[in-house]
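All residue numbers for the sequence shown refer to full-length UniProt numbering, where the first residue is 1 and numbers rise by one.
This report concerns only the one structure given below.
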Amino acid sequence: MEDHKQCTVVRTGQYEGIQGGLFGAGISAQSAGAKALCLHRLVMPAGTRGRPHLHEGHESAIFIQSGQVEVWHGEGLAGHVVLHAGDYFHIPADTPHMPVNSSDEDMVCLVARTDPDEQEGVRLLELPDWLEARLAPLTVGVG
Numbered sequence: 001m002e003d004h005k006q007c008t009v010v011r012t013g014q015y016e017g018i019q020g021g022l023f024g025a026g027i028s029a030q031s032a033g034a035k036a037l038c039l040h041r042l043v044m045p046a047g048t049r050g051r052p053h054l055h056e057g058h059e060s061a062i063f064i065q066s067g068q069v070e071v072w073h074g075e076g077l078a079g080h081v082v083l084h085a086g087d088y089f090h091i092p093a094d095t096p097h098m099p100v101n102s103s104d105e106d107m108v109c110l111v112a113r114t115d116p117d118e119q120e121g122v123r124l125l126e127l128p129d130w131l132e133a134r135l136a137p138l139t140v141g142v143g
């Protein structure tokens, strides 16, 4: 018997990521039966930050649609980059990172990962004291 694969349309819903941020539930194992990827829309409200985390065994690719976001990344979150609308950003598997939106406008991006499960591979990490002091006025935001 021939295996007939079906295409899937997902009408986005929303969920709060354990790492912070309001995600538009896009393509995943849960929504579309994806086997090796997920694709979601993330809105990070102005004046908020995510939680430090990594994706165990999975890499991520991000496209900034609007706004801007700072990303602290790498060992001890010592690396820092500011991303603007139109920028792409690659995060290797198992790399600590934390997004920060210290601007006065919401940041919207598309996030693709090689993990088909929406939240299974997310591992929360401790925020280094030096960075916590620097980001004190920001709250962990979900929407």
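Backbone N, C-alpha and C fix where the C-beta goes; we use that ideal spot for every residue, glycine too.
Remember, it's a predicted structure, so these values are computed and weren't measured experimentally.
> H97: which of G76, A85, D87, L37 sits nearest, CA to CA?
Replying inline: It is G76.
> Are the Cβ atoms of A93 and H55 separated by less than 8 Å?
Replying inline: Judged by beta-carbon spacing, H55 lies within the 8 Å limit of A93, meaning their Cβ atoms are closer than that value.
>> Which of the three DSSP states is assigned to E16 in this structure?
In response: Of the three classes helix, strand and coil, the one that applies to E16 here is strand, per DSSP.
> So, helix, strand or coil for G143, using DSSP?
Replying inline: Because the pLDDT of G143 is 46, which lies under 50, any placement of that residue in the model is unreliable, and the number read from its coordinates should be weighed accordingly. In the structure shown, G143 adopts coil according to DSSP, grouped into three states.
> Beta-carbon separation of H90 and E70 under 8 Å?
Replying inline: No. Outside cutoff.
> Rounded C-beta distance between L39 and I27? I'm assuming under 8 Å.
Replying inline: Confirmed, Cβ separation roughly 4 Å.
> Which residue comes first and which comes last in the beta strand (DSSP E) that contains Q65?
Replying inline: Unbroken beta strand (DSSP E) run through Q65: 60 to 66.
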